[in-house]
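Q: Take 293 as the starting number for the sequence shown in this note's numbering and just add one per residue. The beta-carbon is built from N, C-alpha and C at its ideal position, and this holds for glycine as well. Because the structure is a prediction, the values reported are computed rather than measured.
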Amino acid sequence: MTAVAAGPNPVEPRAPGPGSIQAAFAAQAARTPDAVAVRWNGAGISYRELDARANRLAHRLRGLGVGTEDPVAVLMERSADLVVALLAVVKAGAVYLPLHSGYPLERMQWIVREASASVLLTDRVMRDRGLPEAEPTVAVVVVDDPAGDLNDNPTGDPAGDLADNRSPRLPETDPGVAGHPEQLAYIMYTSGSTAMPRGVAITHRDVLELVEDRMFTPGAHDRVLMIAPYAFDPSTYELWVPLLHGGRTVVAPEAELTVAGLARLIAEEGITGLQVTAGLFRVLAEEDPRCFSGVREVITGGDVVSPAAVRRVLDHCPGIVVRCAYGPTETTLFATQCAWTSAADVPAPVPIGLPLDGRDGYVLDGSLAPAGPDATGELHLAGSGLARGYFRRPALTAARFVADPFGPPGSRMYRTGDLSRRAPSGLLDFGGRIDDQVKIRGFRIELGEVAAAMADFPGLAQVAVVPWEDRHSEKTLIGYAVPAEAGAVVDTAALHDHLARQLPDYMVPTAFQILDRLPLTLNGKVDYRALPAPATVPARVSRSPRDPQEEILCGLFAELLGVPQVGIDDNFFELGGHSLLATRLASRVRTILGRRVSLSGLFKAPTVAALSDSLRAAAHPDTGPQPGTLGPVLGLRPTGSRTPVFCLHPSGGIAWCYAGLLRYLPKEYPVYGLQAGGLSGEPESPSFPADLDAMVAEHLERIRDIQPSGPYHLLGWSFGGKLAHRLAARLRQDGEKVALLAVVDTTPGRDHDHRPGSSSEPEESRTEGEADTAPAGHRRRDLLELTFNGLAAFRDEPGDGPLAVSRIVEILQGSGSALGSLRPETVTALIDVTENNLRLGDSAAAPQEYDGDMVFFEAVGDQNVPTGLADTWKPYVSGRITRFEVPGDHLRMMGADALTVIGPVVARHLENV
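Next comes the structure, spelled out in structure tokens:
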């Protein structure tokens, strides 16, 4: 079999490079010494400077006794210093052994000991977080410490000032260590099926053959974004493809791995090529496909690639090439690939493509004979790029790297364990696994290693670990356990902590199910298909949201996690969240609240309460938390570059109800809620306005404090609709422009929503006498329902008398309402405000005519019966009234179902304006 290139513009193979990475880099640095090699944190490092800094550190390593093929452990943050460190290791003739910062310390210590690393390179950030307890003979070099920290140095010699290029103690000349193509360049540890990680040993030849492959179209990878954890093989592309061809590596800080952060970096740094996992690619495609604008080629893989995501990116970024690549770590990152330039050509499922230059892909049956056309078999990879094997694991190497019966004598092929078929087009399709290995967010995981760690937890008789797909089609791990003693309680929190001490974070199950027994097949094996679906309801009671921001965040947590309800004390990651969902969460927070939050910020503040406090503190670093949410102006989304939207409070006086609108209105529009005075219940609270005109004047003054001149956007529900109309008329009298007046289900006269039984019938169908003869208890219950945004629980209370304030608070708390956090005196004030607003609405004179258009939303109930409320506005609106029917009754017009109609309409009108 021969390899076939799948690039869009086949070119002649590049000339083979030098025999080692350090020689190839030295040659490139000599050709382009002043070109920028690395960008990080807004600063650039030239090839000359990178070469000098790496040479100095290489001399330091040689001084510590590091020799040919000696492993050097690296534990650092992603930064320019990391690039220096990895280059320095190969310049010293050694092998870099990257440690993932997400590894538990025990796992890192095991890897360092297993590989017999004599030196650990780190930085101040990782040093301060805690280093693995190494052997006494392991020297620890802090590469960015001007003091040259060197702990446990067996030679007693100080490390030297590695952070200062002017240091006279370490030469900047090349250490002159000759490399050989068959020498090891790096060792990367992956999950092992026998509870032991295994180190994949990659040679210089492997790296150089990958770098020279024709899939890397010249010019498309001149500026490459480094976003992968460097302990995983995508970093091979991010480092060596640009640096060995005169390009630059742009290092993404950890805090920038959000959709918005990546989009900004791609644009600001002029990124031409990048590689992202299939999961992150899908998130970026769904959230902001235009983030790839300007990129020439994006490579994705590591798991099944979404065809819809590929098509979406191609549709939104004309001229881009999306390459879907496949390859295990054992074949030096990529083994096959296919390129797509047109959305119409992308099939489902997306193929894994054709082998790279000098590589072969065999689809073989159980007897190692080629599978027939369109038949499924195990994929074996041969040719260039095959690793030397597993470091110091000869038996495992012999089992996976076997003789190639189709190649020249002495050649090998790698048994991938992946099923594949060759389509009539010649492209290879992925068909799943033949064992229990899975990919989670691009990381390879042996389920046996996770199960072995679970079985080590005291008190468990049986365990099983299976992958599940969440509601976003992201794979996650679920652990099942049977107690050793029937009926015994298993502390799942302690089980989680036990695994977190042994396994990387991406290998720890996101949920655990405790069963009486594991279901079995007829032959006595675990029946994985019969395992119950993981529970999706938070296991413990958590507080309800205390303000609109927390209510929004609780909704976002629940939406992304696929659970019915989240309290402010529930931990996003303990409920099943992971890095990709956190990326989605950060994007949604920015879209809805207009606030930037980093992934590191989410890990530090994983609960709604902590995240909300963090957002408030960041918005007001000097003054502390934002002013109370019961003030006259509520900043639902106080940031944005366009004209604000002002939402007028309903009868209850609070504008919290408009929080749900934020997910529909473009993030460029700030959103403010205008609230009634006197809500706090404090003695110094402002008095109620004398009439509706006085209230309008107060709100107008607050609006102009934020936006001195038009055009204005006004929206109001119920009593707030009356206020919005009167404000619009007043603004027009003052010569201002009103770009949007949106009124939700109300009349210009007396409120129709505060009479018994009025939630679905217009005011005109009842008389004042009928309303006044209703029992006082019923009027009190209706008033409560109106005050607290349509909460129907008050109707179910036994008896006819007024409810005590303490009972009202209990009902609010039991319903999960954000208003359940209010103090009793504030609850009383809210009821008083509602009564006063209803009185003002009933006694107000007819409004003046508004000489503009109105968008009107009419509640038509569950039976879709029009009420005619829109027509009651015709005498008071000289322009056009555009009516939209909204399912549901009046008191639910700011509920989730109604907002699916109202939100998009308002957003569309804003954009049209």
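If we ignore side chains and look at the alpha-carbon of each, how far apart do alanine 631 and isoleucine 591 end up?
A: Each residue's Cα considered, the two are about 9 Å apart.
Q: What are the boundary residues of the alpha helix (DSSP H) that includes phenylalanine 573?
A: Where phenylalanine 573 is concerned, the enclosing alpha helix (DSSP H) stretches over 570–579.
Q: Taking arginine 1115 as the reference, which of Leu1132, Leu922, Gly1002 has the closest Cα?
A: Comparing Cα-Cα distances from arginine 1115 to each of Leu1132, Leu922, Gly1002, the minimum goes to Leu922.
Q: Taking the runs of the alpha helix (DSSP H) that are 4 residues or longer, which of them lie wholly in the stretch 617–692?
A: Here the runs fully enclosed are 686–692.
Q: What are the partner residues of phenylalanine 804, as DSSP defines its beta bridges?
A: Per DSSP, Gly771.
Q: So what's asparagine 1156 in DSSP terms, helix, strand or just coil?
A: The answer is coil: DSSP assigns asparagine 1156 none of H, G, I, E or B.
Q: Just grab the DSSP bridge partners of cysteine 846 for me.
A: According to DSSP, which records beta bridges pairwise, cysteine 846 is partnered with nothing at all.
Q: State the start and end residues of the unbroken beta strand (DSSP E) segment that holds threonine 592.
A: Segment 589–593, the beta strand (DSSP E) holding threonine 592.
Q: Given this structure, state the Cα-to-Cα distance separating valine 1147 from leucine 1032, to the nearest angstrom.
A: Each residue's Cα considered, the two are about 8 Å apart.
Q: Take the Cβ of arginine 1131 as the centre, count every other Cβ of all protein chains shown within 10 Å, and call the residue buried at 16 or more, exposed below.
A: Burial call: exposed.
Q: Would you decide whether serine 879 is buried or exposed? Buried here means 16 or more other CB atoms lie within 10 Å of its CB.
A: The residue is buried, with at least 16 neighbouring Cβ atoms inside 10 Å.
Q: Run through the DSSP bridge pairs and tell me what lysine 731 is partnered with.
A: DSSP, once it has assigned bridges, lists Arg736 as partnering lysine 731.
Q: Quick one: residues in its chain with C-beta nearer than 7 Å to the C-beta of leucine 1191, no 5 flanking neighbours on either side, listed in chain order?
A: Answer for leucine 1191: Gly952, Leu953, Tyr956, listed in chain order.
Q: Regarding valine 858 and the ligand MN, is the C-beta to nearest heavy atom distance less than 8 Å?
A: Among the components modelled here there is no ligand, and therefore nothing to report on the ligand MN.
Q: Look at the alpha carbon of threonine 528 and the alpha carbon of arginine 821, and state the distance between them as a whole number of angstroms.
A: When rounded, the distance between both Cα atoms is 38 Å.
Q: What is the C-beta distance between arginine 540 and glycine 565, in whole angstroms, given that I count them as a contact (C-beta under 8 Å)?
A: Arginine 540 to glycine 565, Cβ: 11 Å. No contact.
Q: Taking the alpha-carbon positions, what's the asparagine 445 to threonine 414 distance?
A: For asparagine 445, the predicted structure reports a pLDDT of 35, less than 50, and the residue's modelled location is therefore unreliable. A value from the coordinates is still provided. Rounded to whole angstroms, asparagine 445 to threonine 414 spans 14 Å at the Cα level.
Q: According to DSSP, which residues form a beta bridge with serine 338?
A: DSSP, once it has assigned bridges, lists Val328 as partnering serine 338.
Q: Determine the extent of the beta strand (DSSP E) in which glycine 281 is found, giving its start and end residues.
A: Because residue 281 is not part of the residues shown, which for the chain are 293 to 1205, the question remains open.
Q: Less than 8 Å between C-beta atoms, sequence neighbours within five positions excluded: which residues of the same chain meet that for threonine 465?
A: Within the same chain, threonine 465 has close Cβ partners Asn347.
Q: Expressed to the nearest angstrom, what Euclidean distance is found between the alpha-carbon atoms of valine 276 and valine 568?
A: The structure shown has nothing for residue 276, since the chain only spans 293 to 1205.
Q: Under DSSP, the alpha helix (DSSP H) around tyrosine 529 begins and ends at which residues?
A: Counting along the chain, the alpha helix (DSSP H) containing tyrosine 529 begins and ends at 526–535.
Q: Determine the DSSP secondary structure at aspartate 1031, reduced to helix, strand or coil.
A: For the record, residue 1031 in the displayed sequence is alanine; it is not aspartate. Strand.
Q: What are the boundary residues of the beta strand (DSSP E) that includes methionine 480?
A: From DSSP, the beta strand (DSSP E) with methionine 480 extends over 476–482.
Q: What residues in its chain sit with their C-beta under 6 Å from that of alanine 831, if we drop five residues either side in the sequence?
A: With a pLDDT of only 43 at alanine 831, under the threshold of 50, the placement of this residue in the model should not be trusted, and no figure is reported.
Q: Please classify glutamine 729 as buried or exposed, where buried requires at least 16 other C-beta atoms within 10 Å of its C-beta.
A: Glutamine 729 is buried by the Cβ-count criterion.
Q: Based on the DSSP output, what are the partners of asparagine 863 in its beta bridges?
A: DSSP output for asparagine 863 lists Thr899 as bridge partner(s).
Q: Which runs of the beta strand (DSSP E) spanning at least 3 residues fall entirely within the stretch 397–429, listed in chain order?
A: DSSP runs (the beta strand (DSSP E)) wholly in the stretch 397–429: 411–414.
Q: Exposed or buried, threonine 624, counting other C-beta atoms within 10 Å across all chains shown (16 or more means buried)?
A: Looking at its Cβ environment, which holds 16 or more other Cβ atoms inside 10 Å, threonine 624 is buried.
Q: By a C-beta neighbour count over all protein chains shown, 10 Å radius and 16 as the cutoff for buried, is threonine 628 buried or exposed?
A: So threonine 628 counts as buried.
Q: Any contact between the stretch 688–696 and the stretch 631–644? By contact I mean 3 or more CB pairs, one from each, below 8 Å.
A: Judged by Cβ distances under 8 Å, the stretch 688–696 makes no contact with the stretch 631–644, as fewer than three pairs qualify.
Q: So, using beta-carbon positions, are alanine 1209 and alanine 322 closer together than 9 Å?
A: With the chain represented from 293 up to 1205, any question about residue 1209 goes unanswered, as that position is not in the structure.
Q: Taking the straight line between their C-alpha atoms, what separation do you get for methionine 1185 and aspartate 1145?
A: One C-alpha to the other measures close to 21 Å.
Q: Should the stretch 382–400 be regarded as contacting the stretch 511–527, the criterion being three or more beta carbon pairs within less than 8 Å?
A: Contact holds: three or more Cβ-Cβ distances are below 8 Å.
Q: Tell me whether proline 463 is buried or exposed, calling it buried when 16 or more other Cβ atoms sit within 10 Å of its Cβ.
A: That one is exposed.
Q: Using beta-carbon positions only, say whether valine 376 and valine 434 come within less than 9 Å of one another.
A: Result no, Cβ atoms of valine 376 and valine 434 do not sit closer than 9 Å.
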